[in-house]
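Beneath this line is the structure, given in structure tokens, with notes to follow.
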Amino acid sequence: MSSQPITFQPAAKPLVLPADAKWPVEAVLELFNLPFNELLYKAQQVHREHFDPTEVELATLLSIKTGGCPEDCGYCPQAARYDTGVTAQKILPLDEVLAAARQAKAHGATRFCMGAAWREPKDRDLERVEEMVREVKALGMETCATLGMLGEGQAERLKGAGLDYYNHNLDTAPEIYGDIITTRDYQNRLDTLDSVRGAGIKVCCGGIVGMGESRLQRAGLVAQLANLTPYPESVPVNNLVQVEGTPLHGIEKLDLFEFVRTVAVARITMPKARVRLSAGRRQMGEAIQALCFLAGANSIFYGDKLLTTGNPEVEEDRALLDKLGMHSRSSAFDARCEVTAADTTQAQ
Numbered sequence: 004m005s006s007q008p009i010t011f012q013p014a015a016k017p018l019v020l021p022a023d024a025k026w027p028v029e030a031v032l033e034l035f036n037l038p039f040n041e042l043l044y045k046a047q048q049v050h051r052e053h054f055d056p057t058e059v060e061l062a063t064l065l066s067i068k069t070g071g072c073p074e075d076c077g078y079c080p081q082a083a084r085y086d087t088g089v090t091a092q093k094i095l096p097l098d099e100v101l102a103a104a105r106q107a108k109a110h111g112a113t114r115f116c117m118g119a120a121w122r123e124p125k126d127r128d129l130e131r132v133e134e135m136v137r138e139v140k141a142l143g144m145e146t147c148a149t150l151g152m153l154g155e156g157q158a159e160r161l162k163g164a165g166l167d168y169y170n171h172n173l174d175t176a177p178e179i180y181g182d183i184i185t186t187r188d189y190q191n192r193l194d195t196l197d198s199v200r201g202a203g204i205k206v207c208c209g210g211i212v213g214m215g216e217s218r219l220q221r222a223g224l225v226a227q228l229a230n231l232t233p234y235p236e237s238v239p240v241n242n243l244v245q246v247e248g249t250p251l252h253g254i255e256k257l258d259l260f261e262f263v264r265t266v267a268v269a270r271i272t273m274p275k276a277r278v279r280l281s282a283g284r285r286q287m288g289e290a291i292q293a294l295c296f297l298a299g300a301n302s303i304f305y306g307d308k309l310l311t312t313g314n315p316e317v318e319e320d321r322a323l324l325d326k327l328g329m330h331s332r333s334s335a336f337d338a339r340c341e342v343t344a345a346d347t348t349q350a351q
């Protein structure tokens, strides 16, 4: 384990789901506990009802402001308090962001995500992000941003600039959230998601597995996501990438079949969402990634870097998709595969 100090909060009480919740934690846990092949069969059936099972969305993530974050997220190498070798950098100039977006588009990516290591953006920073969103949108790409918590009126400004998606993960189950992060609480995350929804921006929200949680707690995370009204349009599933210097470095790694189970359960409980293989994909190998696609994953982060950690190379990804007979999603808008707030509400 890392010797870096961290102050853990007492374990928080789980958030109470509505009495009429479609997916209570117990029901989600029952899915997790199914025999592996039966779970994947159910997930593939659900997947085929809503998506072309041979199609994968390609998204590229660029860190537009790296390091120096004041938060204490136990998994994050960008936290200023941890010695991880990440050098804090100022926000990138617009021309560098656009060059990266053009390259991503040339390699087949249809969504361009911009991430900044902030607790929350200052208004002067948001002005620069708004300009980036407008210019990337003009390239014909979907735009996504992950900037931390949003203050009053900031979601509306991003919507006005043309932002399509906002990423803000729940990270883990509410009852162990305080063991991972102490500088904000679970309700802060839910409040930001409410602001994003209120502004009319689509939600990209998932979590990280392999942070020492139990299967029951993984079920709790999926239940929280699946019972959001509506549930997220994009659900990134991250497998913890352990970085030396962070408090979670050195913990026991999650069995990769459990990761595949998590993807399958996310697909069943959020049938119209894009379920994205995110951090940790580099460590999985081709066979596990193939199982994830069978389990209903239909989006990947695509490129050689995911914020500050490695990601499979473009050529390797293309080769894997070719082996599996899969193809990337067209840049043209496909109404059948895009979930709207109204559609998702009905699905609840």
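Using the numbering used here, the letters of the sequence shown map in sequence onto residues 4 to 351.
No residue lacks a Cβ here, since even glycine has one placed at the ideal position from N, Cα and C.
Report the residue ranges of all beta strand (DSSP E) runs contained in full by the segment 159–209; include only those spanning at least 3 residues, in chain order. 168–170 and 205–207
Between which residues of its own chain and Gln47 is the CB-CB distance below 8 Å, once the five residues before and five after are set aside? Pro56, Leu297, Ala298 and Gly299
Pick from Leu323, Ser237, Gln190 and Gly288 that is closest to Leu259, judged by C-alpha positions: Comparing Cα positions, the closest option is Gly288.
Per DSSP, which residues does Arg114 bridge with? Please list them. Ala62 and Glu145
Per the DSSP calculation, Val278 is bridged to which residue(s)? In DSSP, Val278 forms a bridge with Val238.
Coarse secondary structure for Cys295, derived from DSSP in three states: helix
Taking the alpha helix (DSSP H) that Phe54 belongs to, which residues open and close that run? Segment: none, Phe54 is in no alpha helix (DSSP H) and carries neither H nor E.
Other residues of its chain near Arg218: CB distance less than 6 Å, five sequence neighbours each side excluded: Phe35
Using the DSSP secondary-structure output, state which residues sit across from Lys68 in a beta bridge. Ala119
Buried or exposed: Ala352, going by 16 or more other Cβ atoms within 10 Å of its Cβ? Any answer about residue 352 is impossible in this case: the structure gives the chain only from 4 up to 351.
Can the beta-carbon of Pro239 be found closer than 9 Å to that of Ser281? yes
Buried or exposed by the 16-neighbour rule on C-beta atoms within 10 Å, applied to Leu64: buried
Are the beta-carbon atoms belonging to Asn241 and Gly210 less than 9 Å from one another? yes
Would the beta-carbon of Arg264 fall within 9 Å of that of Leu42? yes
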